[in-house]
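For reference, the structure discussed in these notes is given below.
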Amino acid sequence: MKKLGYLLLVCCSLLLMSGCGAHQRLGTGQKTLIVGLDDSFVPMGFQTPGGRLSGFDIDLAQAAGKVMKRKIVFQTIDWSMKETELRNGTIDLIWNGYTKTPERQKKVAFSQIYLQNRQVMVVPRSLKITRLKQLQNKTVGVQSASTGYFDVMQEPKVLKDFIKDQRPVQYDNIQQGMLDLQSGRIQGFLIDGVFARYYLKQGHLNNKYRVITSPFPPDKFAVGINRHNLALQRQVREALDQLKKSGELQKIQQKWFGTTMAQ
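Numbers -22 to -1, 1 to 241, taken from mature numbering (1 follows the signal peptide of the UniProt record, and there is no 0), label the letters of the sequence shown in order.
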């Protein structure tokens, strides 16, 4: 999925890493856990204009750290190198909207799935649309080169075959699409569910727009853990279970998305 947000260099986390070798953190005795993330993924983990790390995964990782009695330190990494960083021990966990896939499972151990990110259709409430089929012969937008665009093209019966011109209007960014939705140029806009709910909540727009969940396959978010660190795998899974049972996971979802979302 396309990442949005601010791209800033982080030096303080690198300083915290000094003197902390990979072998020192392989057990559960060390108090600090280094979490690798891409700090441009709104709303999962991103830098605010003031340079502070914020996001759903930031809050969730910190809550899990309290349960495990481990200090969480966030380390901005080159996202394309995340599995290598984990294997080399530069980081202990990958925790930033990290999708669990069969290919990645060959290299990384995963926690249980804690969030499912589905493509959703945002429509004006004034149109009284509650199902995708009601978008027949209507103009629908999607972000270029996004997961949503590829889903639409690969599974045409779900949406493409019955919308106007049998092809969605493509936008360079979500803001452009939402402006056209607001003006009425398009009647629906297909985007990531986590971003849609965050965007509508932050803009106080839930009373103007409805979110319709699509049947496209979801991205399943889980924590990536070193395959050889069985103790840490157990700790993370137990912490997530406890956060779910206590209601803390749902509370964090409500804070960021204005609703609870499927695990």
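Glycine included, each C-beta is placed from N, C-alpha and C at the ideal position.
Computed from a predicted model, the values in this text were never measured in an experiment.
Since Leu93 and Phe199 should fall inside the 8 Å C-beta cutoff, what is the C-beta to C-beta distance between them, to a whole number of angstroms?
On the sequence shown, residue 93 is found 115 positions in, with the first residue counted as 1. On the sequence shown, residue 199 is found 221 positions in, with the first residue counted as 1. With a Cβ gap of about 4 Å, Leu93 and Phe199 count as contacting.
Can you tell me the Cα-Cα spacing of Phe140 and Leu113, whole angstroms?
As a first step, residue 140 is located in the sequence shown; it is residue number 162 there, counting from the start. As a first step, residue 113 is located in the sequence shown; it is residue number 135 there, counting from the start. Looking at the backbone, the Cα of Phe140 and that of Leu113 are separated by about 8 Å.
The alpha helix (DSSP H) spanning Gln213 covers which residue range?
Walking along the sequence shown from the start, residue 213 turns up at place 235. Going by DSSP, Gln213 is part of the alpha helix (DSSP H) stretching over 208 to 224.
Run of the beta strand (DSSP E) containing Gln94, from where it starts to where it stops
By 1-based counting over the sequence shown, the position of residue 94 is 116. Run containing Gln94: 93 to 95, per the beta strand (DSSP E) assignment.
Give the secondary structure of Leu227 by DSSP, where H, G and I count as helix, E and B as strand, and everything else as coil.
Within the sequence shown, residue 227 is the residue found at index 249, counting from 1. Reduced to three states, the DSSP call for Leu227 is helix.
Evaluate Pro21 with the Cβ neighbour count: other Cβ atoms within 10 Å of its Cβ, from every protein chain shown; 16 or more gives buried, anything less gives exposed.
Reading the sequence shown from its first residue, position 43 is the one you call residue 21. The Cβ neighbour count for Pro21, taken over all protein chains shown within 10 Å, is at least 16; the residue is labelled buried.
Using the C-alpha atoms, what's the distance from Ser161 back to Gly115?
The sequence position of residue 115 within the sequence shown is 137, counting from 1. The sequence position of residue 161 within the sequence shown is 183, counting from 1. A small correction: the amino acid at residue 115 is Asn; Gly does not occupy that position in the sequence shown. The alpha-carbon of Asn115 is positioned some 18 Å away from that of Ser161.
Using only alpha-carbon positions, find the residue among Thr62, Gln165, Gln220, Lys84 that is nearest to Val189.
By one-based count along the sequence shown, residue 189 stands at place 211. Comparing C-alpha distances from Val189 to each of Thr62, Gln165, Gln220, Lys84 shows the shortest one belongs to Gln165.
With three or more C-beta pairs closer than 8 Å as the rule, is the stretch 63 to 74 touching the stretch 41 to 55?
At 8 Å Cβ cutoff, the stretches touch.
Could you spell out where the beta strand (DSSP E) holding Thr54 opens and where it closes?
Sequence index remark: in the sequence shown, residue 54 carries index 76 (1-based). Looking at the DSSP string, the run of the beta strand (DSSP E) that includes Thr54 is 49 to 54.
Please name the residue or residues paired with Val101 in a DSSP beta bridge.
To locate residue 101, count along the sequence shown from 1; it is residue 123. Paired residues: Arg188.
Considering Val20, what are the terminal residues of the beta strand (DSSP E) in which it resides?
As a first step, residue 20 is located in the sequence shown; it is residue number 42 there, counting from the start. Judged by DSSP secondary structure, Val20 falls outside any beta strand (DSSP E); it is assigned neither H nor E.
Do the stretch 180 to 196 and the stretch 82 to 101 make contact, defined as three or more Cβ pairs closer than 8 Å?
In this structure the stretch 180 to 196 lies against the stretch 82 to 101, because at least three pairs of beta carbons, one per stretch, are closer than 8 Å.
Helix, strand or coil: how does DSSP classify Gln121 here?
Translated into positions along the sequence shown, residue 121 becomes position 143. Residue state, collapsed to three classes: strand.
DSSP-derived helix/strand/coil call for Asp70:
Working through the sequence shown from its first residue, we reach residue 70 at position 92. Reduced to three states, the DSSP call for Asp70 is coil.
Roughly how many angstroms lie between the CA atoms of Arg205 and Thr117, to the nearest whole one?
Translated into positions along the sequence shown, residue 205 becomes position 227. Translated into positions along the sequence shown, residue 117 becomes position 139. Cα to Cα, Arg205 sits roughly 46 Å from Thr117.
Asp129 and Phe34: beta carbons closer than 8 Å?
Taking the sequence shown and counting its residues from 1, one reaches residue 129 at position 151. Taking the sequence shown and counting its residues from 1, one reaches residue 34 at position 56. No, the pair does not count as a contact, with Cβ atoms beyond the cut-off.
Nearest-angstrom Cα distance between Asp37 and Phe173?
Within the sequence shown, residue 37 is the residue found at index 59, counting from 1. Within the sequence shown, residue 173 is the residue found at index 195, counting from 1. The alpha-carbon atoms of Asp37 and Phe173 are separated by roughly 16 Å.
Would you say the stretch 148 to 162 touches the stretch 73 to 83, given that touching needs at least three Cβ pairs under 8 Å?
Flag = no, the stretch 148 to 162 and the stretch 73 to 83 do not touch.
With a floor of 3 residues, list each beta strand (DSSP E) that falls wholly inside the stretch 120 to 150, ordered by position along the chain.
Entirely contained in the stretch 120 to 150, the beta strand (DSSP E) runs reaching 3 residues are, in chain order, 147 to 149.
Between the stretch 213 to 221 and the stretch 131 to 140, do at least 3 Cβ pairs fall closer than 8 Å?
No: the two stretches stay apart, fewer than three of their Cβ pairs being nearer than 8 Å.
So if DSSP puts Ala42 in a beta bridge, which residue, or which two residues, is it bridged to?
The residue given as residue 42 occupies position 64 in the sequence shown. Among the bridge pairs identified by DSSP, Ala42 is matched with none.
Please work out which residues of its chain come closer than 7 Å, Cβ to Cβ, to Lys179, disregarding the five sequence neighbours upstream and downstream, and give them in chain order.
Here residue 179 refers to the residue found at position 201 of the sequence shown. Closer than 7 Å at the Cβ level, and outside the excluded window around Lys179, lie Phe235, Gly236.
How many angstroms separate the CA atom of Thr238 from the CA atom of Gln228?
Counting from 1 along the sequence shown, the entry for residue 238 is found at position 260. Counting from 1 along the sequence shown, the entry for residue 228 is found at position 250. If I take the Cα positions, the gap works out to 6 Å.
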